[in-house]
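First the structure, in the form of structure tokens, and then the observations on it.
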Amino acid sequence: MKNDVISLDKFHATSEMNSLLEQTLRKGARLLLQQAIENEVNEYLESMKSRRDFEGRKQFVRNGYLPEREVQTGIGPISVKQPRIRNREECSEGYSSAILPKYLRRVPSLDAVIPALYLRGISTSNFQDALEAIMGKDAKGLSAANITRLKQSWEQEYKDWNKRSLEGKRYAYIWVDGIYFNVRLGDDRICFLVILGALPNGKKELVAIHNGYRESKISWTEVLESLKRRGLCTAPELAIGDGALGFWSAIEEVFPKTKQQRCWVHKTANVLDKMPKSIQVNAKKAIHEIYMAPTKEDGLAAFEVFLKTYRDKYPKACACLEKDKAQLFTFYNFPAIHWQHVRTTNPIESTFATIRHRTRQTK
Numbered sequence: 087m088k089n090d091v092i093s094l095d096k097f098h099a100t101s102e103m104n105s106l107l108e109q110t111l112r113k114g115a116r117l118l119l120q121q122a123i124e125n126e127v128n129e130y131l132e133s134m135k136s137r138r139d140f141e142g143r144k145q146f147v148r149n150g151y152l153p154e155r156e157v158q159t160g161i162g163p164i165s166v167k168q169p170r171i172r173n174r175e176e177c178s179e180g181y182s183s184a185i186l187p188k189y190l191r192r193v194p195s196l197d198a199v200i201p202a203l204y205l206r207g208i209s210t211s212n213f214q215d216a217l218e219a220i221m222g223k224d225a226k227g228l229s230a231a232n233i234t235r236l237k238q239s240w241e242q243e244y245k246d247w248n249k250r251s252l253e254g255k256r257y258a259y260i261w262v263d264g265i266y267f268n269v270r271l272g273d274d275r276i277c278f279l280v281i282l283g284a285l286p287n288g289k290k291e292l293v294a295i296h297n298g299y300r301e302s303k304i305s306w307t308e309v310l311e312s313l314k315r316r317g318l319c320t321a322p323e324l325a326i327g328d329g330a331l332g333f334w335s336a337i338e339e340v341f342p343k344t345k346q347q348r349c350w351v352h353k354t355a356n357v358l359d360k361m362p363k364s365i366q367v368n369a370k371k372a373i374h375e376i377y378m379a380p381t382k383e384d385g386l387a388a389f390e391v392f393l394k395t396y397r398d399k400y401p402k403a404c405a406c407l408e409k410d411k412a413q414l415f416t417f418y419n420f421p422a423i424h425w426q427h428v429r430t431t432n433p434i435e436s437t438f439a440t441i442r443h444r445t446r447q448t449k
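Take 87 as the starting number for the sequence shown in our numbering and just add one per residue.
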């Protein structure tokens with residue numbers, strides 16, 4: 087391909103994509119904390135509505151917001167706005183938040199609450215008890231009803247994101263995978279069909295997250311057709327993913343011009359799985375020499391050496407490697423500076439590694 091088709095001189099570091107997820111989680115944390123504070127204030131005002139000043143007016147009323155403040159959480163700093171409560175009788179005791187005390191700069195509760203809410207799930211009926219166990223008996227504002235409303239707002243936000251316009255978008259590369267999490271959404275583990283895209287300027291962004299079946303052509307077709315309906319008219323130059331995905335049959339119909347690259351990490355694991363453990367170390371090194379070769383010709387030569395070495399004793403392993411031969415070497419047709427990024431689905435794996443870790447920690 088021509089180098090001017092994709093002007094990616096340097097990919098943004100994987101940490102940037104991790105940062106995107108962290109920003110998303112922090113946004114959820116901010117909404118959670120802000121909702122809790124608002125609910126706490128509303129409950130306080132409701133409890134004080136019978137209190138009147140000497141002129142018969144309500145003693146406690148809202149009076150805008152205090153300056154925005156930053157508090158530290160387990161997933162980084164978040165900014166919140168504390169509602170200001172006016173006490174018309176200044177000589178009496180005023181309002182003080184139990185959730186966000188005046189001088190608090192760190193919210194320890196969110197370290198446990200956010201992973202539980204986002205990644206593992208917690209019964210809304212048990213949420214208030216969990217909050218009290220973390221923050222104390224004075225914690226209010228996150229009742230089961232409030233959590234239900236908050237979840238509904240998040241669901242709506244996700245639906246709106248899935249309907250966003252993609253007019254004018256163009257992705258040089260896309261990485262695809264089916265990601266499983268140990269979340270409590272029924273008897274089966276749910277699979278999220280994920281597409282991560284690289285824009286021509288090198289910036290990576292989440293393109294799609296849908297639940298579905300990893301090996302299903304129908305599931306992936308629905309995802310790709312949705313992208314096309316919303317304005318993604320230019321086919322990505324290259325798609326990178328595991329060979330077992332139903333994605334490949336789908337993209338051949340929806341974006342037939344997109345070139346295909348099989349993930350070498352997935353392929354290596356599948357090949358080694360068909361070989362005894364005693365030789366896997368040496369076999370892995372031999373595979374590594376294939377896709378790390380400086381040229382396509384050298385890679386193909388190393389490919390043939392592997393087959394010659396192991397075919398007689400381990401025909402299934404070699405058949406697995408040969409199955410996607412053409413699609414394993416596509417990355418060599420792209421700029422060499424991009425090879426380390428486009429021969430595996432590591433951008434997706436590293437992006438979701440933190441979430442997988444948290445789901446394991448919150449079992």
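Even glycine gets a Cβ: it sits at the ideal position worked out from N, Cα and C.
Item                                                                                                         : Value
For F278, three-class secondary structure by DSSP                                                            : strand
Alpha carbon of G288 to alpha carbon of I434, nearest angstrom                                               : 15 Å
Within the region 232 to 266, ranges of the beta strand (DSSP E) (whole runs, at least 3 residues)           : 259 to 266
Residue from P286, W240, V280 with nearest C-alpha to T307                                                   : V280
Cβ shell of W240 (< 8 Å), same chain only, five flanking positions each side left out                        : G114, L117
Any 3 or more C-beta pairs closer than 8 Å across the region 251 to 259 and the region 311 to 323            : yes
Same chain, Cβ closer than 7 Å to K343, neighbours up to 5 away in sequence not counted                      : A321
Residue range of the beta strand (DSSP E) that includes L292                                                 : 290 to 297
Beta bridge counterpart(s) of N173 as assigned by DSSP                                                       : F146
Simplified DSSP state of P163, which is helix, strand or coil                                                : strand
Segment contact, 8 Å Cβ cut-off, at least three pairs: the region 380 to 387 with the region 289 to 308      : no
Sequence-distant residues of the same chain with beta carbon closer than 6 Å to Y259, five excluded per side : A284, L324, V428
Among K394, I373, Q366, nearest to F415 - alpha-carbon criterion                                             : I373
Cβ-Cβ separation, N432 to V351 (assumed contact under 8 Å), whole Å                                          : 7 Å
Three-state secondary structure assigned by DSSP to E383                                                     : helix
Paired residues, beta bridge with G327 - DSSP                                                                : R348
Close beta carbons around K135, own chain, < 7 Å, minus the five adjacent residues each side                 : K144
Cα-Cα separation between L119 and P153, rounded to whole angstroms                                           : 16 Å
Where E141 falls, given that 16 or more other Cβ within 10 Å makes a residue buried                          : exposed
Close beta carbons around R148, own chain, < 8 Å, minus the five adjacent residues each side                 : V127, L131, P169, R170, I171, R172
Alpha carbon of T354 to alpha carbon of Q347, nearest angstrom                                               : 14 Å
R250 burial status per 10 Å Cβ neighbour count (16 or more: buried)                                          : exposed
Cβ separation of E311 and V340, assumed to be a contact under 8 Å, to the nearest whole Å                    : 6 Å
Beta carbon of C406 nearer than 7 Å to that of K363                                                          : no
Nearest candidate by alpha-carbon position, reference F278, set T437, G264, L393                             : G264
Residue burial classification, Q413 (beta-carbon count within 10 angstroms, cutoff 16)                       : buried
Nearest-angstrom Cα separation, counted from R138 out to P187                                                : 25 Å
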